[in-house]
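Protein chains in written order, with the UniProt record's numbering: chain A, 1 to 467; chain B, 1 to 403. Following: one structure in structure tokens, then a few remarks.
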Amino acid sequence: MTDSGKPLKQIHLAAHFPGVNNTTVWSDPRSGSHIEFESFRRFAQTAERALFDFLFLAEGLRLREQNGLIYDLDVVGRPDTFTVLAALAAVTDRLGLAGTINSTFNEPYEVARQFATLDHLSAGRAAWNVVTSWDAFTGENFRRGGYLPQEHRYERARSFLHAALTLFDSWHGDEISGDENTGEFLTDPEPGRFTVRDAFFDIEGQFNVPRSPQGRPVIFQAGDSDEGREFAAAEADAIFSRHGTKDAGQAFYSDVKGRMAKYGRDPDQLKVLPAATFVLADTDAEARELAEAVRFQQVSGQTAIRMLEQLWNRDLSGYDPDGPLPESDPELGEHTVARGRASVRMHRDPLATAREWRELAQAKGYSIRELIIHVTGRQNFIGSPRTIADAIDDLVQSDAADGFILVPHITPDGLDQFADNVVPLLQEKGVFRTEYAGSTLREHLGLHPLPVGDSTARTAAPEGATA
Amino acid sequence: MSDKTQIHLAAALDGAGWHPAAWREPDAAPAARLIGAAYWLEQVRTAQAGLLDFVTIEDGFLLQSDEFASPDTRTDRVRGRLDASLIAARLAPLTAHIGLVPTVTTTHTEPFHVSKTIATLDYVSTGRAGWRPQVGALAPEAALFGRRDLPALRVEDLAEPETQAVIRELFDEAADHVEVVRRLWDSWEDDAEIRDLATGRFIDREKLHYIDFTGRHFSVRGPSITPRPPQGQPPVVALAHSSVPYAFAARSADVVLITPPDPDAIAPIVAEIRQAQAAAGREGERLLVFGEFVVFLDEAPVTALARKERLDEAAGAPYRSDAPIFAGSPAALADQLAQWARSGLDGFRLRPATVPHDLDGIAYGLVPELQRRGLFRSGYAADTLRGNLGLPRPANRYATAAA
């Protein structure tokens with residue numbers, strides 16, 4: 001029990017195999033392949049040794065470009081998400097296996113099949129981070145091309161998810177009897193029958209994957225916009241957020257969980273999991289020093305210029321990263337300089353951000369590189385194992401989060417230190433499991449078992465109570 | 001060691017085996033286990049113990065049906081299946097030598113996704129991936145996607161010009177699909193990742209290539225998000241029964257599976273394929289031709305025949321297949337394969353009528369018989385599927401163009 005008499009919340013931890021951004025310090029000699037399966041195996045087995053809830057893989061369906069050229073300063077390239085997760089199911093037993101799969105460049109029948117398959121092959125450990133995009137740039141790699149009006153993307157994503165949930169639920173789990181004496185394999189002559197008709201999809205037939213161990217994959221959502229939060233409150237089992245600080249975290253946490261009542265959902269059934277980076281050392285002072293060094297590795301002079309271009313929306317290659325910021329203002333309008341990158345869309349008011357950055361640089365005497373180091377991606381947790389364990393616990397107990405998705409800056413071994421030194425302290429505090437209690441990801445996350453038919457019932461009547 | 005031409009062997013895995021009553025056999029896996037990793041692992045380990053070149057994993061978006069072009073309502077057949085490429089990925093880290101060849105439809109899938117799926121299967125298996133592209137011609141399958149309409153297909157209309165036109169169109173699309181997948185596999189040169197500390201560059205972007213494919217069915221820009229797979233080009237395996245798919249295989253495949261009913265039928269089919277291969281500009285390229293059999297194997301031939309009869313009775317009809325059916329002893333099958341191979345086949349894909357019985361019969365009965373005749377390997381010679389098939393690792397088309 002805490003001082004306030006509230007029971008201690010159990011912390012959820014996940015590991016994100018880093019993707020293609022400058023978090024990964026690939027120049028470090030310890031940095032391994034981002035493609036070879038051995039890296040994924042080691043990373044996953046460390047996460048499982050540390051009793052994490054799940055491993056997470058992000059997705060990007062077009063290589064990033066800047067100034068019309070393929071971006072070459074960060075890690076480039078990644079394997080297919082489903083395929084790696086299915087292979088990881090072979091070398092882990094309990095770890096949840098989560099992947100981002102885009103709802104814009106896929107079809108519900110195929111995605112539902114892949115997730116139902118992954119759930120079978122992992123004996124109930126699959127999770128789907130439902131994302132949506134609208135860029136024609138990525139669309140150039142796909143049949144449909146590019147395309148969705150931005151305002152329709154959540155509508156389509158919801159439709160897509162509902163279609164997939166209908167498919168997951170089309171088998172109830174009791175269709176296969178397999179009585180070799182009577183010759184009855186199926187109790188139902190038409191298992192998996194479904195019809196979905198709405199503004200985006202017109203599909204019908206029989207789903208051909210029997211009901212999977214979890215009934216459906218655990219559903220994650222990652223958007224931070226108002227529609228994204230609403231989508232999560234209505235549909236998701238977990239939400240990834242960017243709000244790692246206490247105040248911002250608490251505001252986000254109460255906002256999202258507060259939206260759930262109107263969908264008849266228990267706030268405990270949506271886990272809020274911010275992504276977090278960390279730098280660990282024996283002492284806080286060493287960790288601070290190391291964190292600064294890592295930031296300098298993550299943001300080279302060239303990287304600083306490229307990141308500045310992402311706000312300024314034009315070529316700044318003539319600028320000296322060790323010199324002052326440009327005097328002129330960013331180009332407004334469509335982003336033409338950096339493509340295939342979500343972060344450029346986060347600069348909602350480039351003029352105001354540029355003004356802030358200039359003022360900060362002037363006040364502190366920062367060069368371009370120093371400024372970028374300070375305004376982008378500072379590590380969330382920096383310190384000794386004790387300091388980090390305390391910080392994580394405090395954020396969870398004070399309802400700024402239910403846990404964290406950790407992103408190491410060294411792949412694949414960057415998680416080992418955390419597993420060896422921080423996890424035992426959290427266990428000592430009684431806020432993190434000392435063994436897996438269940439075998440499915442739903443169980444790890446404390447999600448109620450799904451009654452058969454639940455997902456469609458909720459979809460049909462968002463105002464009503466769950467079954 | 002013999003200098004006789006070696007036979008290549010593959011096993012086709014599907015459900016409880018290819019006979020519709022296979023699931024009712026006393027040694028069959030319980031129905032609930034047919035969907036799950038452990039059952040698949042047992043099968044592929046048996047095939048690997050038999051030193052087979054590869055296994056194929058059947059797939060399709062439709063629920064299985066005994067009808068040609070529509071769903072049925074039978075309750076006495078195996079129904080339900082998992083995505084074949086993910087089964088293959090799940091098996092890859094737990095096997096070491098055998099090739100893994102999932103079936104993936106070309107008609108309703110994105111070439112970009114398929115390319116990275118097979119490339120990644122090649123990474124997780126360290127060079128043992130293949131791909132069997134399959135056309136999805138049926139209207140009920142199209143309805144699962146709601147993206148295009150396909151005309152209702154009837155088996156009696158297969159020879160009609162309109163039906164042939166539809167089929168030709170689907171195979172044209174499949175050929176484009178394979179072309180895009182192959183270009184994407186080559187869209188990274190092997191040494192594109194440089195991690196150059198001096199210049200801060202992770203890749204040499206001059207070694208990444210836009211594929212800029214524009215066809216009638218889709219356009220794809222590239223490059224892939226996944227680097228070139230370990231084999232460079234994982235083998236493409238195509239099943240073909242007539243001229244249109246022969247031409248597709250001749251243009252697109254590394255291994256073509258054919259179903260001649262008798263040895264005399266082999267030479268004309270092979271000749272047609274070779275001609276189509278030349279027409280596609282691939283003369284001299286290695287394209288392996290495999291025959292197909294459904295096999296019932298027992299030491300005593302009468303036992304095999306009796307077992308087939310018993311299964312047919314349980315199924316309610318004599319088993320029929322697009323492939324010739326063999327029921328007999330492993331030794332007799334070995335003789336037959338040797339004879340058929342001399343008529344122009346490089347190997348065979350065998351479909352076990354029941355699992356585990358007939359798969360065991362292939363691995364532990366047939367294979368020793370072939371080895372005794374000096375016709376089959378006594379150990380894996382290579383670590384990759386291309387290596388075991390005797391296919392060299394191909395040069396990258398874009399690297400050649402640049403050189």
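The beta carbon of each residue, even a glycine, is placed where N, CA and C say it ideally should be. Nothing here was measured: the structure is a model prediction, and the numbers come from that model.
If we ignore side chains and look at the alpha-carbon of each, how far apart do residue i and residue j end up?
i         : j         : result
Ala89(A)  : Gly99(B)  : 19 Å
Val76(A)  : Phe52(A)  : 27 Å
Arg229(A) : Ala157(A) : 13 Å
Gln339(B) : Leu288(B) : 17 Å
Asp320(A) : Gly333(A) : 25 Å
Ala11(B)  : Arg349(B) : 5 Å
Leu167(A) : His335(A) : 38 Å
Thr100(A) : Leu118(A) : 13 Å
Phe145(B) : Gly205(A) : 10 Å
Val355(B) : Phe296(B) : 10 Å
Ala306(B) : Leu34(B)  : 25 Å
Asp59(B)  : His209(B) : 32 Å
Ala437(A) : Leu445(A) : 11 Å
Arg433(A) : Trp171(A) : 33 Å
Ala338(A) : Gly192(A) : 44 Å
Asp76(B)  : Asp212(B) : 49 Å
Arg458(A) : His162(A) : The pLDDT assigned to Arg458(A) is 40, lower than 50, so where the model puts this residue is not dependable, and the model offers no usable value.
How would you call residue i, buried or exposed, if buried means at least 16 neighbouring beta carbons within 10 angstroms?
i         : result
Ser378(B) : exposed
Phe296(A) : exposed
Ala116(A) : buried
Glu48(A)  : buried
Ala281(A) : buried
His34(A)  : buried
Ala15(A)  : buried
Arg64(A)  : buried
Gln43(B)  : buried
Ser225(A) : exposed
Pro189(A) : exposed
Arg148(B) : exposed
Leu337(B) : buried
Asn181(A) : exposed
Gln231(B) : buried
Ser70(B)  : exposed
Flag residue i as yes if its beta-carbon sits less than 8 Å from any beta-carbon of chain B, otherwise no.
i              : result
Asp454(A)      : Confidence in Asp454(A) is poor, its pLDDT being 49 and thus under 50, which makes the residue's placement unreliable; the coordinate value appears in the next sentence. No, Asp454(A) lies away from the interface with chain B (no Cβ there is under 8 Å from its Cβ).
Trp128(A)      : no
Arg143(A)      : yes
Ile176(A)      : yes
Ile368(A)      : no
residue 468(A) : Outside the shown range of chain A (1 to 467) lies residue 468(A), about which nothing can therefore be said.
Ala461(A)      : Per-residue confidence for Ala461(A) stands at a pLDDT of 33, beneath the threshold of 50, marking its modelled position as unreliable; the derived number appears in the next sentence. So no, Ala461(A) is outside the interface.
How about residue i: is its C-beta nearer than 8 Å to some C-beta of chain A?
i         : result
Thr46(B)  : no
Pro356(B) : no
Gly80(B)  : yes
Tyr398(B) : no
Glu179(B) : no
Val55(B)  : no
Ser85(B)  : yes
Gly17(B)  : no
Trp185(B) : no
Glu169(B) : no
Practice prompt. Could you please tell me which residues of the region 101-118 of chain A, in chain order, have their CB closer than 9 Å to any CB of chain B?
Written response: Taking 9 Å as the Cβ-Cβ cut-off against chain B, the residues of the region 101-118 of chain A that qualify are Phe105, Asn106, Glu107, Pro108, Tyr109, Glu110, Arg113, Gln114, Ala116, Thr117, Leu118.
Worksheet item: For the region 191-217 of chain A, which residues have a CB atom closer than 7 Å to at least one CB atom of chain B, in sequence order?
Response: Within the region 191-217 of chain A, the qualifying residues are Pro191, Gly192, Phe201, Asp202, Ile203, Glu204, Gly205, Gln206, Asn208, Val209, Pro210.
Worksheet entry | Whole runs of the beta strand (DSSP E) within the region 114-164 of chain A, excluding any shorter than 3 residues | Complete beta strand (DSSP E) runs here, min 3: 126-131.
Worksheet item: What are the complete alpha helix (DSSP H) segments, minimum 4 residues, inside the region 149-206 of chain B?
Response: Taken in chain order, the whole alpha helix (DSSP H) runs of length 4 or more contained in the region 149-206 of chain B are 161-185.
Worksheet entry | Where the region 309-342 of chain A meets chain B: residues whose CB sits under 8 Å from a CB there | Answer in chain order: no residues at all.
Worksheet item: Going along the chain, which residues of the region 274-305 of chain A sit with their C-beta nearer than 8 Å to a C-beta in chain B?
Response: From the region 274-305 of chain A, only Ser300, Gln302, Thr303 have a Cβ closer than 8 Å to chain B.
Item to complete: Within the region 23-96 of chain B, note down every full beta strand (DSSP E) run reaching 3 residues or more, in order along the chain.
Response: The qualifying runs are 54-57.
Item to complete: Determine which residues of the region 135-154 of chain B have a Cβ less than 9 Å from any Cβ of chain A, and write them out in chain order.
Response: Of all residues in the region 135-154 of chain B, Pro140, Glu141, Ala143, Leu144, Phe145, Gly146, Arg147 have a Cβ within less than 9 Å of some Cβ in chain A.
Worksheet item: Taking a cut of 8 Å between CB atoms, which residues from the region 198-223 of chain B lie near chain A?
Response: Only Gly200, Arg201, Phe202, Ile203, Asp204, Arg205, Leu208, His217, Phe218, Ser219, Val220, Arg221, Gly222, Pro223 from the region 198-223 of chain B bring a Cβ to less than 8 Å from some Cβ of chain A.
Item to complete: Give the residues from the region 120-134 of chain B that approach chain A closer than 7 Å (Cβ to any Cβ), ordered along the chain.
Response: For the region 120-134 of chain B, the set of residues with a beta-carbon nearer than 7 Å to any beta-carbon of chain A comprises Thr120, Leu121, Tyr123, Val124, in chain order.
Worksheet entry | Residues, ordered as in the chain, of the region 26-38 of chain A that lie near chain B by beta-carbon distance below 8 Å | Along the region 26-38 of chain A, the positions whose C-beta sits under 8 Å from a C-beta of chain B are Trp26, Ser27, Ile35, Glu36, Phe37, read in chain order.
Worksheet item: Curious, which full-length alpha helix (DSSP H) runs of at least 4 residues does the region 4-75 of chain A contain?
Response: Counting whole runs of 4 or more residues, the region 4-75 of chain A contains the alpha helix (DSSP H) stretches 37-49.
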